[in-house]
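What follows is a short report on a single structure.
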Amino acid sequence: MRLSPRIATLLAVAALPLALTACSSGSSDNGGAASSDNAGAAKAKDPNAGLPTGTQLKRALAPASAFPAGLTIEADGSSDTGGTFLSPSSRSTAKPDCTRLEATSWIQVSGYKGGVSFAQNDYANKDKTEEVAQEIDTFQGTTAARVMKGLQTVATECATFTDTDAHAKVKLTGKSTAGLGDEAYTMTLTSGTWQNGTTLIAARSGNSVVTVLSTAGSDNGAASAKKVTTTVLAALKKEAKPGGQA
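So for the sequence shown, the numbering used here puts the first residue at 92; every next one is plus one.
Below, the structure is given as structure tokens:
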């Protein structure tokens, strides 16, 4: 779980220099056109232009109805970046910590701390024996595609590892998954000492990466993870339509 949300406020696009916007009374029309052109250029250079904010991503999270019966939202598992954007994180080249795959915000195992905007929450049953967590991270440029590639690499590097609780051997299998967003990858974690395994799905929709973790159900969480992922992707697509963003 992301215990300390990465909160940072990016400065708005700087105002144009006075020399570019000022004009004499005899050239007000031309000056206005130049000012408009420069403003458009400044906006085009904003790497966050057109990206959804945390507030918008929060609206795209799957509702309670998409989760298995008996699971309710965890009060301390919800977080988002609101209307601000975070500074983009650079990719860590260190060996992945495979145990991160057992927790929410497992996208960080890719080497990236997260997107410039994000939203997440977590549902669990009363006994905390079943959990389904969802997160959406949005990245600048082509970073989202690199995150997906990184997760596939992690699946190979973490084919077997030792879990943090029972200190048991965990086996990971991964495969590309068709029909979910622009690209998707599914990982399944199993152990002989666990009552049920864990399904992790990462799906990219444009600049956003949806990550879902599920231990709910007797199928290693597979069906519930897919349902939540599908619901989020549909909401993201709707949010991206003209008039769908705030």
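Glycine residues also receive a C-beta, built at the ideal position from the N, C-alpha and C atoms.
Query	Result
In terms of alpha-carbon separation, which member of Glu165, Leu280, Trp285 and Ala236 lies closest to serine 296?	Ala236
Under three-state DSSP, which class holds leucine 263?	strand
Go to alanine 316, then tell me how far its alpha helix (DSSP H) extends in each direction, as first and last residue.	313 to 331
Hey, out of Lys317, Tyr203 and Leu142, whose CA is closest to threonine 175's CA?	Leu142
Starting from arginine 295, trace the beta strand (DSSP E) in both directions and tell me its first and last residue.	289 to 296
Using a Cβ cut-off of 8 Å (strictly closer), state whether alanine 326 contacts chain B.	Among the chains of the structure shown, chain B does not appear; only one protein chain is present.
Please report the distance separating the alpha-carbon of serine 169 from that of threonine 289.	21 Å
Do you know offhand how far serine 305's Cα is from isoleucine 292's?	9 Å
Would you report the Cα separation of aspartate 310 and aspartate 137, rounded to the nearest angstrom?	44 Å
Check whether the stretch 152 to 162 and the stretch 190 to 208 touch, using three or more Cβ-Cβ pairs below 8 Å as the test.	no
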